[in-house]
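Okay, structure first, notes after.
In the working numbering, the protein residues as written are 150 to 848.
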């Protein structure tokens, strides 16, 4: 029922808008495209491609994002700031150094496992795998499966686990250094696996062998016996591990991602039954950005390199608020609401006001749209053909669904892919297309169009970089969807390994396999199996030069040596000004990022509260339901206290996705007003949202 509040609300955009003074005026698509193209030409002409960035966050609608990114690339820019740069790039960096590619990620083999370890992940609320609640509730009741949760708080998943390691907030690196040390000291390493698949084990032993495990676990506030039992079980059973934002947005984030690879490799749990495999995709992997390659861009002011082609939203305000001649001057926000989704709302407000051009493409008048110079109405997920391109979570099967439009489009909204095709055309980025290609797209069908398009590209190889837009203009017009045209075109060019996976799912190898896949996807709106991975060959996916997991990484050696019990204890001492640790962001049933703008969908519920442990509430003289002021170095918000054992003593928890302005009124607390964009990981610049010093005072 809540979908209705997303699809139909007072903030829905139905026509292109232009900021005139302090108000918006409706304009035609023709005027909007012409003026935006002209302004972009002037900005790029004066300041070059480094003056342009785009911010993408598709919420499961990824085809329009691909068009937006390609549009920016055709204009010469690489500045792709996405939601992944808010979350996963530290892991991407660590995997690039150990596994050989930043695009290699893990998926757990839940079908064959005997032990599951969740680190900073609460799948009972955040899901992240098909039928998460049903799956893990069933596992929790299975006496043959050990379910372990590592999380400071008593989350919904921790409540059903066999073991809950409630570590002190911010001590993840200390814990996993101790766990690796235990594995080595107790001789629980999988020597045969290491011999066959791992490099650098002997070289990293000095980093761990003499580590003071006892003192480290005291700082973590954990019992050594229980931690030792968990380590032994993980090393001796068919075990798998899944980590998430609890460590990806915490102290030493990128280092912990590296330690998790080491931990799994030493126990022989990568690419084996019941362990963690490398998942597949429908059509190829993501990019790998080599920081040593001079062609890999870095940010101008903060000097952060692209990681998997992505830049961190945390640094964007600094890249605008500078006098450097190469500062960012134009931003395209596509399905993205940085003023509520990313850290430091105050810094973003100041930065966006300095831009020469801010264009928002979205379905609703978001807080970011309200600051924009132009706002272009995009169709919703229920009005357009669209899908997600995340790696498959159904190991070893690869599942894909292209969602069909089921609701009539409101007003003049267009598919995001069509919007950027029209912008590319307005900026003369699309080569001239022969009328014969239009005719073939209209009457010849996908097979004839494919052959005609390939013929055109052979004669015009320079047009390959704009093929997405060429297909959208021709086949997209015939199909009524730029996104469908992109899907059909994409499926014709896939790596051989993915073609083999499709063959195992029943799609015959050959030149027409992509067309067969396309038709099957269209014929099955509920989705279908499009591939099946080969577990026996999974480790062949490793992208290191010798095809082995690389453990000795100089980039991490000094950082690991910093992780010392005494030093960490000193750094973790509470600040008298900010004695609590705020967990800034919480997944649960009553928030959905910024998708739900109409607060009526939570009417009658306690939808935006600050969880506080009963002991802390008593000590502070606070009562359940009391309104308090929550303060950090970044700012303050008022919020209702909810006394709950779900929070750990010394920790308070606020949800994200609130503080939205609807009909001129703010609803709930904007947790990103409380987080500094400079409070971030040293490598990937991801925000440390799970460790924000704060204080709580009665209002």
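The beta-carbon is built from N, C-alpha and C at its ideal position, and this holds for glycine as well. Computed from a predicted model, the values in this text were never measured in an experiment.
Inset, instruction - Kindly provide the ranges of any alpha helix (DSSP H) runs that are 4 or more residues long and lie completely inside the region 257–308, ordered along the chain. - result: Taken in chain order, the complete alpha helix (DSSP H) segments of 4 residues or longer contained in the region 257–308 are 272–275, 281–289.
Inset, instruction - Please specify which runs of the beta strand (DSSP E), each continuous and at least 3 residues long, are wholly inside the region 734–772, giving them in chain order. - result: If you keep only unbroken beta strand (DSSP E) runs of at least 3 residues inside the region 734–772, you get 758–761.
Legend entry - For residue 144, the three-state DSSP class (helix, strand or coil): Residue coverage of the chain in this structure runs from 150 to 848, which leaves residue 144 outside it and unanswerable.
Legend entry - For residue 394, the nearest candidate out of 313, 818, 733 (CA to CA): 733
Inset, instruction - Given a cut-off of 8 Å, decide if residue 576 and residue 186 are closer than it, judged by their beta-carbon atoms. - result: yes
Legend entry - Per-residue DSSP class, three states only, for residue 350: Residue state, collapsed to three classes: helix.
Inset, instruction - Note down, in chain order, each residue of its chain lying with its Cβ closer than 6 Å to the Cβ of residue 638, except the 5 sequence neighbours on either side. - result: 620
Inset, instruction - Answer yes if the region 464–483 comes into contact with the region 785–803, meaning at least three C-beta pairs across the two stretches below 8 Å, and no otherwise. - result: With the rule of 3 Cβ pairs closer than 8 Å, the region 785–803 does not count as touching the region 464–483.
Legend entry - Span of the beta strand (DSSP E) around residue 626: Not the beta strand (DSSP E): residue 626 falls in the alpha helix (DSSP H), residues 616–628.
Inset, instruction - Closer than 7 Å by C-beta to residue 198: which residues in its own chain qualify, once you throw out the five before and the five after it? Chain order, please. - result: 224, 225, 226
Legend entry - Span of the beta strand (DSSP E) around residue 825: Per DSSP, residue 825 belongs to no beta strand (DSSP E) and is neither H nor E.
Legend entry - Cα-Cα separation between residue 473 and residue 451, rounded to whole angstroms: 12 Å
Legend entry - Same chain, Cβ closer than 6 Å to residue 415, five either side skipped, listed in chain order: Answer for residue 415: 332, 338, listed in chain order.
Inset, instruction - Between the Cα of residue 367 and those of 713, 804, 775, spot the shortest distance and give me the residue it belongs to. - result: The residue from 713, 804, 775 with its alpha-carbon nearest to that of residue 367 is 713.
Inset, instruction - At 3 residues or longer, and completely inside the region 176–234: list those beta strand (DSSP E) runs for me, N to C. - result: 201–205, 229–231
Inset, instruction - Please classify residue 355: does DSSP put it in a helix, a strand, or coil? - result: helix
Legend entry - residue 355 burial status per 10 Å Cβ neighbour count (16 or more: buried): Residue 355 should be labelled exposed.
Legend entry - One or two residues paired with residue 426 in a DSSP bridge: DSSP output for residue 426 lists 256 as bridge partner(s).
Inset, instruction - May I have the straight-line CA-CA distance separating residue 381 from residue 718, to the nearest angstrom? - result: 26 Å
Inset, instruction - In angstroms with no decimal places, state the Cα-to-Cα distance between residue 695 and residue 348. - result: 9 Å
Legend entry - Contact set for residue 582: own chain, Cβ-Cβ below 7 Å, skip 5 residues either direction: 619, 622, 623
Legend entry - Own chain partners of residue 282 with C-beta closer than 7 Å, once the 5 adjacent residues on each side are dropped: 273
Legend entry - Run of the alpha helix (DSSP H) containing residue 667, from where it starts to where it stops: 662–672
Legend entry - Close Cβ partners of residue 262 (< 6 Å) along its chain, the five nearest in sequence each way excluded: 387, 389, 423
Legend entry - residue 154 and residue 518 closer than 8 Å at C-beta: no
Inset, instruction - Go ahead and pull the three-state DSSP assignment for residue 365. - result: helix
Inset, instruction - Tell me, please, which residues DSSP counts as bridged to residue 167. - result: 174, 523
Inset, instruction - Would you mind sorting residue 786 into buried or exposed? The rule is 16 or more other CB atoms within 10 Å of its CB. - result: buried
Legend entry - Touch test, the region 686–702 against the region 250–258, Cβ-Cβ under 8 Å, three pairs minimum: yes
Legend entry - Residue burial classification, residue 279 (beta-carbon count within 10 angstroms, cutoff 16): exposed
Inset, instruction - Look up residue 704 in the DSSP assignment and say whether it is helix, strand or coil. - result: helix
Legend entry - Span of the alpha helix (DSSP H) around residue 651: 645–653 is the span of the alpha helix (DSSP H), which, as asked, contains residue 651.
Legend entry - 8 Å Cβ cutoff met for residue 448 and residue 476: no
Inset, instruction - Only counting runs of 4 or more residues, tell me where the alpha helix (DSSP H) segments fall wholly within the region 380–444, in order along the chain. - result: For secondary structure counted as the alpha helix (DSSP H) over 4 or more consecutive residues, the region 380–444 holds these complete runs in sequence order: 394–397, 402–415.
Inset, instruction - Determine the direct distance from the alpha carbon of residue 383 to that of residue 760, and round the result to whole angstroms. - result: 32 Å
Legend entry - Cβ-Cβ distance between residue 771 and residue 790 below 8 Å: The answer is yes: Cβ separation under 8 Å.
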